[in-house]
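Numbered per numbering that gives the first Met the number 0, the sequence shown finishes at 441, counting up by one with no gaps. Each residue gets a CB set at the ideal place from its N, CA and C atoms; glycine is no exception. Here the structure comes first, spelled out in structure tokens, and everything after it is commentary.
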Amino acid sequence: MSGLARVRPSGALARPGAWVLVLAAVFALLQLANVTGRDTPDTKNYLSYALSLRGDGKREAAAATIDYACAGSAAIAARRQSVDVVRFHRADPSARVLAECRAREWRNVDARLRAGQTAGHTVPFMPERFMRIFEARPGYPVFLVPFVTLFGVTWGMWLAGVVVTVAGGVLVFLTLRTLRVPVPLCLTGQALYFALPCGTTAMRPMTEGLMLALTLAALWGCALALEEGRVRAAVWLVGGSLAALFAVKHSQALFLGLCLAGAGALVALWRLRRGRAVGRGPVAVAVAGCCGVLGTVLLSRLLGYPSESESLQDLLTHHFARPDRTHAWPEFWRLQMNFWVEWLRRQLWEPLFVAALAAGAWGALGRGRRRAFGVFLVAAAGTGILTQAGHPDINIWGGRLIVLAWLLPVLGVPLLLEPVLRGRGPVVLPAQDAADRAHSMR
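Here it is as structure tokens:
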């Protein structure tokens, strides 16, 4: 029987690392379809910050950033016209759109530079109060510096997106393998990460790709603590992820720390009520989360980062283009209620996201042996809901704020499918079943 328990997969599945690289390579090749045109308005702020960190002056950074953003706008305009049933036969609009975009951006930047808005690392594309929000997010610009320095702005931004998205897919695979999920389903999780909005959003030149990867690194740490008892490695992973998230977007570090601390406390209480040993893993992750919350609050105050009220005014005044609201919090809660009613209406109209969340939650919480990790997974995915709730704007770039919630189906669906796979092949073996039962009793 012990020989049966050591049955090895044959062929390429015996080398899962090769399949991980194959999926990553296929994903990278597919991204060549859109080298430009992925940027959002905020991309200019992050790119100009990165160019400033490598030593470019304000005008030099502005020129490179404007050229990149306007080239993307020109490419999008050309693609749209090529399939427009009325205008597809007209002349290529790229040159006109590029010239108009450059003129418009330079008028704005020149006016702000002449007015003395020269502080900080970012080029003044927006009011100074708004730019302070991005000055408090050096993590993503630091990540971009080697890419834009070695490969230029266009290919450097594209390659940075590929690297951070592939890293997220690899972390999905590693997390599922730590949970002892069969290799085909680990690869399924990696493929889901690439194919679902996680991959699309991570490829955008924004902070979301790093946020997804660092959240997955923290979840890998949770899996290590719960499944393998590697508490020290888990604490380093969770703590390091929260520290890096503070540099990328400190509100996400706060949300993730709170959610992981709450999940650890919930798992510990659940085990105590059932008369089981709590174990070091949940407690260690909860402590790391609490330390992350405390460190985020103290450091953000010490460094003078924009407060919650400042972020609220940014939201309600459309990036400080209007006077500050005197009753900001009541207006925010009214907008919050309206937002979620409309959000739910749209989800019921197109229920893929809600169905994916339900399937992921079922897979994460439906089986006893992995239920503890499922609690941490639901908590980490919940930071996407919190991020969206903090900025209830229904029209902000295709739901990128809530994208972290997609981690629930990415990791939960393979867990949901595991019994099906184990029930159809020679994977379910008596010795393996005994090992699983012994592990679940820990």
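If the five residues before and after V353 are omitted, its C-beta is found closer than 8 angstroms to the C-beta atoms of Q346 and L347, all from its own chain and listed in chain order. Distance between A77 and S93, taken at the CA atoms: about 6 angstroms. The DSSP-derived three-state label of H249 is helix. Rounded to the nearest angstrom, the gap between the Cα atoms of L46 and V147 is 9 angstroms.
Residue burial annotation: M336 is exposed, with fewer than 16 other C-beta atoms found within 10 angstroms of its C-beta.
In this chain, the alpha helix (DSSP H) harbouring G220 covers E207 to A222. Rounded to whole angstroms, A166 and T214 show a C-alpha spacing of 12 angstroms.
For Q312, the enclosing alpha helix (DSSP H) stretches over residues E307 to L315. By the C-beta density criterion, I393 is exposed, having fewer than 16 other C-beta atoms within 10 angstroms.
The residue from L343, G373, H318 and L406 with its alpha-carbon nearest to that of P40 is H318.
Cβ-Cβ separation between G383 and V409: approximately 12 angstroms, too far for a contact (criterion under 8 angstroms). Counting other Cβ atoms within 10 Å of its Cβ, A90 stays below 16 and is therefore classed as exposed. The residue from A201, G381 and T316 with its alpha-carbon nearest to that of A262 is G381. DSSP, read as helix, strand or coil, puts A327 in helix.
Taking C-beta atoms under 8 angstroms as the contact rule, K248 and M202 fail to qualify, at a distance of about 18 angstroms.
Take the alpha-carbon of R131 and the one of Y304: they are about 8 angstroms apart.
Counting every other CB atom within 10 Å of its CB across the protein chains shown gives P322 a total below 16, marking it as exposed. L170 is positioned such that its CB atom lies no closer than 9 angstroms to that of C185. The beta carbon of L400 lies closer than 7 angstroms to those of T386, Q387 and H390 in the same chain, with the five residues before and after it left out. A Cβ-Cβ distance of about 36 angstroms is found for the pair A287 and V340, leaving them out of contact under the 8 angstroms criterion. Beyond the five residues adjoining it in sequence on each side, P281 comes within less than 6 angstroms, by CB distance, of G263, V266 and A267 in the same chain, given in chain order. Take the alpha-carbon of C69 and the one of E104: they are about 9 angstroms apart. If you ignore the 5 residues before and after A378, its C-beta comes within less than 7 angstroms of the C-beta of C258, L259, G261 and A262, all in its own chain and listed in chain order. Judged by DSSP secondary structure, L22 falls within the alpha helix (DSSP H) whose first and last residues are P15 to L29. A straight-line Cα-Cα distance of about 7 angstroms links V144 and L52. By the criterion of a C-beta distance shorter than 6 angstroms, F172 is surrounded in its chain by V19, C185 and Q189, once the five residues flanking it on both sides are discounted. The beta-carbon distance between L236 and A252, rounded to whole angstroms, is 14 angstroms. This is too long to meet the 8 angstroms contact definition. Leaving aside the five residues that flank M156 on each side, the residues in its chain whose CB is nearer than 6 angstroms to its CB run, in chain order, P204. About 6 angstroms separates the beta carbons of A224 and V284, which is inside the 8 angstroms limit, making them a contact pair. Here C289 has G256 and A260 as same chain residues with Cβ atoms under 8 angstroms from its own Cβ, once five neighbours each way along the sequence are excluded. Closest in C-alpha terms to K43, from the list D66, Q116 and L31, comes D66. Residue environment for R14: exposed (fewer than 16 other C-beta atoms within 10 angstroms of its C-beta). With respect to the C-alpha of L414, the residue from S310, C197, R179 and A49 having the closest C-alpha is R179. If you draw a straight line from the Cα of L420 to the Cα of V163, it comes to about 30 angstroms. Contact between A358 and G411 holds, with the beta-carbon distance rounding to 7 angstroms and staying under 8 angstroms. Pairing A114 with L29, the inter-Cα distance amounts to about 44 angstroms.
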